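Working notes, beginning with the structure itself.
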Amino acid sequence: MNLALWIAAGLLAALALAGGITKTFVPKEKLAAANGGGWTDGASVGFVKTLGVLELLAAVGLILPAVLDIAPVLVPVTAICWVLLMVGAMITHLRHGEAKFIGLNLLYLAVAAFVAWGRLGPEPFTG
Numbered sequence: 593m594n595l596a597l598w599i600a601a602g603l604l605a606a607l608a609l610a611g612g613i614t615k616t617f618v619p620k621e622k623l624a625a626a627n628g629g630g631w632t633d634g635a636s637v638g639f640v641k642t643l644g645v646l647e648l649l650a651a652v653g654l655i656l657p658a659v660l661d662i663a664p665v666l667v668p669v670t671a672i673c674w675v676l677l678m679v680g681a682m683i684t685h686l687r688h689g690e691a692k693f694i695g696l697n698l699l700y701l702a703v704a705a706f707v708a709w710g711r712l713g714p715e716p717f718t719g
């Protein structure tokens, strides 16, 4: 179980890192032109970059606290925040007629929920 939770957190962290770098450093116009980037049309540049920074922080929060054994409770807290972010992503994609991305967001939500459940329940870092 511990290994599965580490793998799930690592995959989410890699995803968050890639998304965060993209949203933070790629111009909004280029994001809007990409597949699934239509949601950026109605968003300000600051909002898109803020989401990018939050995703970068999520990448750090899913791995680093446990690796350094400094406040490892931040791992499930970050996973819960990722669940909330994916709910927002699903609503946004639905509103912009990009329903095909909702399934992917739901998968990410499920993985994050697994990490949160696992680290708060059966496999916490303390013990």
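Residue 593 is where the sequence shown starts when you use this note's numbering, and the numbers rise one by one after that. Just so you know, even glycine gets a beta-carbon here, dropped at the ideal spot from N, CA and C. It should be emphasised that the depicted structure is a prediction, and the values quoted were computed from it without experimental measurement.
Can you give the beta carbon distance from residue i to residue j, rounded, assuming they're within the 8 Å contact cut?
i      : j      : result
Glu647 : Gly611 : 5 Å
Leu604 : Val703 : 6 Å
Leu623 : Thr632 : 5 Å
Val645 : Ala671 : That pair is no contact at about 18 Å.
Val609 : Tyr700 : The amino acid occupying residue 609 in the given sequence is Leu; Val does not appear at that position. Between Tyr700 and Leu609 the Cβ distance is about 13 Å, and since that is not below 8 Å, they are no contact.
Phe693 : Gly628 : 5 Å
His688 : Gly630 : 5 Å
Check whether the Cβ atoms of residue i and residue j lie closer than 8 Å to each other.
i      : j      : result
Ala651 : Trp674 : no
Val667 : Leu654 : yes
Would you give the residue range spanned by the alpha helix (DSSP H) that residue i belongs to?
i      : result
Ala610 : Asn594 to Phe617
Does DSSP classify residue i as helix, strand or coil?
i      : result
Gly630 : helix
Glu715 : coil
Ala635 : coil
Entirely enclosed alpha helix (DSSP H) segments - the region 651-708, minimum 4 residues = 666-687
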